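Novice: If you read the sequence shown in our numbering, its first letter stands for residue 99, the second for the next number, and so on.
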Amino acid sequence: MYLPVVYLLVGLVLLLVSGVLVYRWGWKALYVLVPVVAVQGAYFSLSVEGFSAEFITMVVSPMVVGAVGGYSFKTKRSYQFFMTVSTLPLVLVLSLNYYGLKVFKNQDLVLQSKDRLVALLKTAEMSEEEKADLLKKVDSSIEMLGGVMPFTYFLNTLFVALLGYVLLKFVLFKYMGRSGDGTDGIAYFKMSDYLIFVLIAAWAAVLLADREKLNGLFLLGLNTALIFSVFYLVQAVGIVKYYLLKKNLPPFILPAGILGLLLLGVEAILFVSVVLLSIGAIDFWADFRKLETHVKE
99 MYLPVVYLLV
109 GLVLLLVSGV
119 LVYRWGWKAL
129 YVLVPVVAVQ
139 GAYFSLSVEG
149 FSAEFITMVV
159 SPMVVGAVGG
169 YSFKTKRSYQ
179 FFMTVSTLPL
189 VLVLSLNYYG
199 LKVFKNQDLV
209 LQSKDRLVAL
219 LKTAEMSEEE
229 KADLLKKVDS
239 SIEMLGGVMP
249 FTYFLNTLFV
259 ALLGYVLLKF
269 VLFKYMGRSG
279 DGTDGIAYFK
289 MSDYLIFVLI
299 AAWAAVLLAD
309 REKLNGLFLL
319 GLNTALIFSV
329 FYLVQAVGIV
339 KYYLLKKNLP
349 PFILPAGILG
359 LLLLGVEAIL
369 FVSVVLLSIG
379 AIDFWADFRK
389 LETHVKE
């Protein structure tokens, strides 16, 4: 039961170390980081039969997030640069690993997770009726979860990226006393104008593709649409924070509002998410913050 905590602590250490090294040494930090990845990769190859999703999630992911974060703070890159570069490549690698195992080795990581859950339930202190009900819910969600694994990976890496950004900013500019304020922050988060067409095309594929005949296109469109929708949600939150800062309002208003929204329930979250997504998407035309030359790409 202590393993998840150990993995979390190791991941945080790898993230912070890689971030600090890249911030201080630049590309020369690769002389240290690459051997660390190689050693960890050899360990996983012997114990988990090759480069697995666990290796990418526990070792590569925090190190990539840390390295991109250190580079972003060092070169004062934009917040969207950090967010996209620290998440999308990892999502691609994890997705290729998932579908590669499924197609070429007939290994479904989702089904393997289900098997582990079933084994865990057998030892759980629950009534047989509760176990059967839970297993029924798991069975009904397996197909859906398998279809949106890239989006699931994205949410995981996004969480690591957000956590890594906060920790690195604290360590670099508080504890280490570095000067400057690093990236522009979420208030200036703005996706490239051309990416709005990716969002539109992805949702069009979801709505128009025949899932029985073009299931691959449907799933590609669905995962792409969900991922970019999250980015535009972040952009909308950035717009809100921008105006809060402009009006010199207390900074706790935004997180307090998000917490209050979570307490209201799923219906409220979905409604506000649709509104925010719309605001983030039309920012392509409206340019609510008139950033133009402010954002450094």
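Heads up, the beta-carbon is just placed ideally off N, CA and C, and yes, glycines get one too. From a predicted model like this one, the values you see are computed outputs, not experimental measurements.
Using the beta-carbon count (16 or more within 10 Å), is Ala255 buried or exposed?
Specialist: It is worth fixing the name first, because residue 255 is Thr in this sequence and not Ala. Thr255 is buried by the Cβ-count criterion.
Novice: Curious, which full-length alpha helix (DSSP H) runs of at least 4 residues does the region 108 to 163 contain?
Specialist: Listed in chain order, the complete alpha helix (DSSP H) runs (minimum 4 residues) inside the region 108 to 163 are 128 to 145.
Novice: Taking Leu331 and Leu375 to be in contact with their CB atoms under 8 Å, please state how far apart those CB atoms are, rounded to whole angstroms.
Specialist: Their Cβ separation, rounded to whole angstroms, is 6 Å, which keeps Leu331 and Leu375 in contact under 8 Å.
Novice: Please state the DSSP three-state secondary structure of Glu395.
Specialist: Residue placement at Glu395 cannot be trusted, given a pLDDT of 43 that sits under 50; the coordinates are not used to answer.
Novice: Hey, is the region 159 to 167 in contact with the region 108 to 122, meaning 3+ C-beta pairs nearer than 8 Å?
Specialist: They touch, by the three-pair rule.
Novice: With DSSP collapsed to three states, give me the class of Thr255.
Specialist: Helix.
Novice: Here's the rule I'm using: 16 or more other beta-carbon atoms within 10 Å means buried, otherwise exposed. How should Met242 be labelled?
Specialist: With fewer than 16 other Cβ atoms within 10 Å, it is exposed.
Novice: Mind reading off the beta-carbon distance from Lys172 to Val120? Whole number of angstroms is fine, and I expect it under 8 Å.
Specialist: At roughly 7 Å, the Cβ-Cβ gap stays under 8 Å, so Lys172 and Val120 are in contact.
Novice: Are there 16 or more other CB atoms within 10 angstroms of the CB of Asp381, so buried, or fewer, so exposed?
Specialist: Per the 10 Å Cβ criterion, buried.
Novice: Using three-state DSSP, classify Gly283 as helix, strand or coil.
Specialist: Correct three-state label for Gly283: coil.
Novice: Select from Val246, Ile356, Gly262 the residue whose C-alpha is nearest the C-alpha of Phe316.
Specialist: Taking only the C-alpha atoms, the option nearest Phe316 is Val246.
Novice: Identify which residue in Leu219, Ala379, Ala303 has its Cα closest to the Cα of Ser290.
Specialist: The shortest Cα separation from Ser290 among Leu219, Ala379, Ala303 belongs to Ala379.
Novice: Less than 9 Å between the C-beta atoms of Ala323 and Ala300, yes or no?
Specialist: Against a cut-off of 9 Å, the Cβ pair of Ala300 and Ala323 comes out as a contact.
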